[in-house]
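Protein chains in written order, with my numbering: chain A, 636 to 887; chain B, 527 to 855.
Written out as structure tokens, the structure is:
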């Protein structure tokens, strides 16, 4: 196996390498910030709800203030679970989600071993133990520097555990494209089928005038009359695009 | 037929196989999650692998920038991982770690453990000798409150449960111990020097405090307090130090494999021991919170708990609970 700046290549028995695109500092930071917010909100939500309930049941009204003395129940019911949610979030979820977390899912990345597999329990725990070093001196300073400087964009924990963060390609985005193109013998040529699929995938991200203009051009390539297209509104154009892929044998 | 027309025809033919790729993806996903043990389906995954390799090679040539190629890359990677690494079950993974990982890791760590124990004992002896000879040096190792308490003839642990409940104390202690233990290990990243420093400092402090307490006639009381949880706690400190030293040595003397590869290999070999250390420290923390400070529990019982838990630790690290299963397999 080897890695270039952007890809991790893994040798395979068929002679065709498996290539996995390596996530850079941006995707990693995005995933971490998302996870950090999730665990912070979870921890605070637990603390707030449990503290309110605890104080209310003790007849002290709706308050989140801790009791004056060290109370075991307060510690066990309110504080410990909130801290556990915050500090054990990464190791527990990475174990349960095979190298992923909600933040990583959001950023479209996951941790894999250097041969492309889901990391084992030992590697995942080790990866998290080394957060102690990566977080030094503050705000993951060392980890960020290592990610920026290393060829495979790995932090100390990844080096220790032999893991790499790679992009996960979504199979959902593909649902239109190949099938539309596959049945395109009659209606859509390959390039148009791919373009239609691209446009449908990006539809929510484009401004209404831009997507309407692109839809008209693509539908014209599919053989629809220009006069007919001119009278269609944005929603009708979207439907027409979907019908075009369906007519070509797509599986929307 | 022109090249462009031919390539277009080939691409069309290739893309017509998309449903096969989607079936292959679904099959690989079922296997990787351990949801299927069907031999015929497993054979089909092997066929899928060949089919996908063939189609991917074509897609790379014919459709290099398409999402079809991207999708094929992802399915091919998933099938490759499923075939080469099997399914991923959390329970089985943890069990394998317990049965194989921890004992193998311990075997490898033995020489490092010997060095770590030697360093810790020597540091403790040095600390003891230092404070025994120059009592005023205790100020370097202990807090003013601790010193005042011992000088007034009382251990700082007396009446601890009147101030902090056992459960709170346990969680505080076990959290602190786990962080110290993990930090002792991770500090091996500094070519082993961080680990040696933490190990030496802890040994020095233990010896110094003991010498100070003994001078004030409280040695037996401190030993009684420590014995229930200390046997495992101190052993774990040496274990994580040994693991950190192994990682440090891999960085300092990487051999022909290269520094990062040697570091990775050492970290992966020592990782299982660290997991065992964290688990053992949870038990030690509970003992330290509930048993050690309780004056109602007889010293002999505390000794029995300490020795018993230490034997459990040895059994876990040597893999005794699963030895028969390993021998059978």
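Just so you know, even glycine gets a beta-carbon here, dropped at the ideal spot from N, CA and C.
Assumed close pair residue i, residue j - CB separation to whole angstroms, cut-off 8 Å
| i | j | result |
| --- | --- | --- |
| residue 661 of chain B | residue 738 of chain B | 7 Å |
| residue 818 of chain B | residue 746 of chain B | Not a contact, Cβ separation roughly 14 Å. |
| residue 604 of chain B | residue 555 of chain B | 7 Å |
| residue 628 of chain B | residue 799 of chain B | 6 Å |
| residue 601 of chain B | residue 568 of chain B | Wrong, their Cβ atoms sit about 17 Å apart, outside the cutoff. |
| residue 729 of chain B | residue 832 of chain B | Residue 729 of chain B to residue 832 of chain B, Cβ: 19 Å. No contact. |
| residue 653 of chain A | residue 755 of chain A | Between residue 755 of chain A and residue 653 of chain A the Cβ distance is about 19 Å, and since that is not below 8 Å, they are no contact. |
| residue 749 of chain A | residue 854 of chain A | Wrong, their Cβ atoms sit about 46 Å apart, outside the cutoff. |
| residue 780 of chain A | residue 788 of chain A | That belief does not hold up - the Cβ atoms of residue 780 of chain A and residue 788 of chain A are roughly 12 Å apart, past 8 Å. |
| residue 707 of chain B | residue 807 of chain B | 6 Å |
Alpha-carbon to alpha-carbon, residue j and residue i
| i | j | result |
| --- | --- | --- |
| residue 834 of chain B | residue 664 of chain A | 46 Å |
| residue 777 of chain B | residue 649 of chain B | 24 Å |
| residue 766 of chain A | residue 792 of chain A | 6 Å |
| residue 657 of chain A | residue 578 of chain B | 22 Å |
| residue 583 of chain B | residue 701 of chain B | 52 Å |
| residue 738 of chain A | residue 746 of chain A | 12 Å |
| residue 857 of chain A | residue 537 of chain B | 19 Å |
| residue 490 of chain B | residue 638 of chain B | Nothing about residue 490 of chain B can be read from this structure; chain B reaches only from 527 to 855. |
| residue 666 of chain B | residue 735 of chain A | 46 Å |
| residue 744 of chain B | residue 678 of chain B | 11 Å |
| residue 542 of chain B | residue 659 of chain A | 34 Å |
| residue 707 of chain A | residue 740 of chain A | 37 Å |
| residue 684 of chain B | residue 751 of chain B | 9 Å |
| residue 807 of chain A | residue 668 of chain A | Because the pLDDT of residue 807 of chain A is 49, which lies under 50, any placement of that residue in the model is unreliable, and the number read from its coordinates should be weighed accordingly. Cα-Cα distance, rounded: 25 Å. |
| residue 867 of chain A | residue 615 of chain B | 53 Å |
| residue 798 of chain A | residue 758 of chain A | 8 Å |
| residue 690 of chain A | residue 733 of chain A | 39 Å |
| residue 694 of chain B | residue 764 of chain A | 24 Å |
| residue 744 of chain A | residue 609 of chain B | 22 Å |
| residue 720 of chain A | residue 674 of chain A | 6 Å |
| residue 794 of chain A | residue 671 of chain B | 43 Å |
| residue 726 of chain A | residue 833 of chain A | 37 Å |
| residue 839 of chain B | residue 623 of chain B | 15 Å |
| residue 617 of chain B | residue 662 of chain A | 30 Å |
| residue 796 of chain B | residue 785 of chain A | 24 Å |
| residue 812 of chain A | residue 846 of chain A | With a pLDDT of only 47 at residue 812 of chain A, under 50, the local geometry of the prediction cannot be trusted, and the value read off the model is given with reservation. Computed Cα separation, rounded: 18 Å. |
| residue 837 of chain B | residue 803 of chain B | 14 Å |
| residue 776 of chain A | residue 671 of chain A | 16 Å |
| residue 863 of chain A | residue 878 of chain A | 15 Å |
| residue 724 of chain B | residue 714 of chain A | 29 Å |
| residue 709 of chain B | residue 765 of chain B | 12 Å |
Bridge partners - residue i, DSSP secondary structure assignment
| i | result |
| --- | --- |
| residue 768 of chain A | DSSP output for residue 768 of chain A lists no bridge partner at all. |
| residue 656 of chain A | A:642 |
| residue 745 of chain A | A:801 |
Within chain A, the residues that residue i reaches when beta carbons sit closer than 7 Å
| i | result |
| --- | --- |
| residue 789 of chain B | 794 and 795 |
| residue 611 of chain B | 752 |
| residue 786 of chain B | 794 |
| residue 619 of chain B | 755 and 756 |
| residue 756 of chain B | In chain order: nothing, as chain A lies at least about 24 Å away. |
| residue 708 of chain B | 764 and 767 |
Residue i: contacting residues in chain B (beta-carbon distance under 9 Å)
| i | result |
| --- | --- |
| residue 651 of chain A | 578, 579, 580, 582, 583, 586 and 602 |
| residue 783 of chain A | Going along chain B, no residue has its Cβ under 9 Å from residue 783 of chain A, so there is no contact; the nearest lies around 16 Å. |
| residue 875 of chain A | Neighbours of residue 875 of chain A on chain B: none; closest Cβ ~21 Å, over 9 Å. |
| residue 841 of chain A | The contacting residues do not exist; residue 841 of chain A stays about 17 Å from chain B at best. |
Interface residues of chain C facing residue i [CB-CB closer than 7 Å]
| i | result |
| --- | --- |
| residue 715 of chain A | The structure shown contains no chain C; the protein chains it does contain are A and B. |
Proximal chain A residues relative to residue i, where beta-carbon distance stays under 8 Å
| i | result |
| --- | --- |
| residue 703 of chain B | The premise fails here: residue 703 of chain B is roughly 14 Å from chain A at the closest Cβ pair, so nothing lies under 8 Å. |
| residue 718 of chain B | In chain order: nothing, as chain A lies at least about 14 Å away. |
| residue 711 of chain B | 764 |
| residue 691 of chain B | 705, 706, 707 and 710 |
Within chain B, partners of residue i - CB distance below 7 Å
| i | result |
| --- | --- |
| residue 849 of chain A | The contacting residues do not exist; residue 849 of chain A stays about 17 Å from chain B at best. |
| residue 751 of chain A | 603, 606 and 607 |
| residue 791 of chain A | 715 |
| residue 746 of chain A | Result: empty, since nearest Cβ-Cβ is about 13 Å, beyond 7 Å. |
Residues that residue i contacts on chain A, provided the C-beta gap is smaller than 9 Å
| i | result |
| --- | --- |
| residue 638 of chain B | Residues of chain A passing the Cβ test: none, with the nearest at roughly 16 Å. |
| residue 575 of chain B | 647, 648 and 649 |
| residue 780 of chain B | Here the premise fails: no neighbours, minimum Cβ distance about 12 Å. |
Where residue i meets chain B, residues with beta-carbon distance less than 8 Å
| i | result |
| --- | --- |
| residue 731 of chain A | 616 |
Residues of the stretch 756-769 of chain A with a CB closer than 7 Å to any CB of chain B: list them in chain order, please. When C-beta distances to chain B are compared with 7 Å, the residues of the stretch 756-769 of chain A below that value are 756, 757, 758, 760, 761, 764, 765, 767 and 768, in chain order.
Report the residues of the stretch 793-818 of chain B with a CB closer than 7 Å to any CB of chain A, ordered along the chain. Result list: 793, 794, 797, 798, 800 and 801.
Any C-beta of chain B within less than 8 Å: which residues of the stretch 686-713 of chain A qualify? Within the stretch 686-713 of chain A, the qualifying residues are 705, 706, 707, 710 and 711.
According to a CB-to-CB cut-off of less than 9 Å, which residues of the stretch 649-673 of chain A neighbour chain B? Of all residues in the stretch 649-673 of chain A, only 649, 650, 651, 653, 654, 655 and 656 place a beta-carbon less than 9 Å from a beta-carbon of chain B.
Any residues in the stretch 624-654 of chain B with a beta carbon nearer than 8 Å to a beta carbon of chain A? Which ones, in chain order? Per Cβ criterion, the list reads 627.
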